[in-house]
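Single-structure report; data block below.
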Amino acid sequence: MYHQYLNEPVVFELSHNTLVTLTLSEDISDFVVLQAMGGPLLELIVIQEGPQPKIALRFQPLIGLTLDIQPLAPMALNGRHYAQSILRQQGQGLRLYSRMGIAPKFCAAQLRAGVAFKIAAEQGLSFALASASAAKFELVPLEHDLRILHEPQVILLAKELLARQYDYEASSESLAVYMAEIEQVRTDLRALLQGELGQSHGRLAEEALRLEPLLLQKRQWLFRSYTNMFERPNYSRAANDAQHIDNALRKLECYELLASPELTQMVHRLMEDDS
């Protein structure tokens, strides 16, 4: 589900209690970090219990991961204080998210300082965030993860425009607004591909490359409907004079009905002479 955010899983074997620390390198810009906060920072699954448990970890490529494995007391790892533990057994897992309602810039600052949680063997494996990290981040069990996938806003908007059922018989003004909206999203998609986020997340770049031509096709259909409204019904007429000509033709039909047959025949002869 989160394949566009997370890297390939890495399996770790735990012989003792473990302190996991996530940090950012200095060369990662805040713009990339703020975009990354829309998805999980880490996903963890217990794949083996017992004396030597194993876990599978997936995390965002821009994050550095450190595992400090040492035989310390479960709740006193490196002298830290921890939030409430979450017990996980084989086949179960969790994800690490930034807390809802916390400004992304504060979460990014904490991530640069380091986000830590412990793993301890307690009738399975228990996981608990360090209290300093728990203020801005949370561990969510997979079965309780009800968060909607937050892709970049431009990707979500592009998918919404493709799924929208347009009224191709709408007014010319409405069609012009539709086309402007699609063109703006296409511009944002190109900016995403050229920016740091497109360079860091290859699969997001692939998604943007797939959506951009589809939006172009949608815009072409709208443009065709838009131009049909202003096409000349006949090249001998002005494009904006069709209504007046139709009114003149209806008046002429009324004159033909009211005129005598002799007068109508005379008019036809005069028209034949002119041609």
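Our numbering applies: residue 99 is where the sequence shown begins, and numbers increase by one.
For every residue, glycine included, the Cβ atom is placed at its ideal position computed from N, Cα and C.
From a predicted model like this one, the values you see are computed outputs, not experimental measurements.
Query, Result
"Short Cβ contact (9 Å threshold) for Ser323 with Glu279", "no"
"Unbroken beta strand (DSSP E) run spanning Glu147, endpoints", "Run containing Glu147: none; DSSP gives neither H nor E here."
"CB of Ile145 within 9 Å of CB of Val108, strictly", "no"
"Per-residue DSSP class, three states only, for Pro239", "strand"
"Which residues DSSP lists as bridging Phe157, in chain order", "Leu140"
"Local Cβ density within 10 Å of Tyr276, reported as buried at 16 or more and exposed below that", "buried"
"DSSP three-state assignment for Ser403, whether helix, strand or coil", "Because residue 403 is not part of the residues shown, which for the chain are 99 to 373, the question remains open."
"Exposure label - Gln318; buried when at least 16 CB within 10 Å", "exposed"
"Sequence-distant residues of the same chain with beta carbon closer than 6 Å to Leu309, five excluded per side", "Ala256"
"Which listed residue (Phe321, Asn115, Gly222) has its alpha carbon closest to that of Gln188", "Gly222"
"4 or more residues per run - each alpha helix (DSSP H) lying fully within the segment 191-239", "202-211, 229-232"
"Sheet register partners of Leu120 (DSSP bridge)", "Leu163, Val213"
"Same chain, Cβ closer than 6 Å to Ala289, neighbours up to 5 away in sequence not counted", "none"
"Cβ separation of Ala214 and Leu117, assumed to be a contact under 8 Å, to the nearest whole Å", "6 Å"
"Endpoints, alpha helix (DSSP H) assigned at Arg317", "300-326"
"Endpoints, beta strand (DSSP E) assigned at Ile253", "That residue, Ile253, is in no beta strand (DSSP E); its alpha helix (DSSP H) goes 251-261."
"Three CB pairs or more closer than 8 Å across the segment 197-211 and the segment 227-242", "yes"
"Those residues which DSSP pairs with Arg186 across a bridge", "Leu223"
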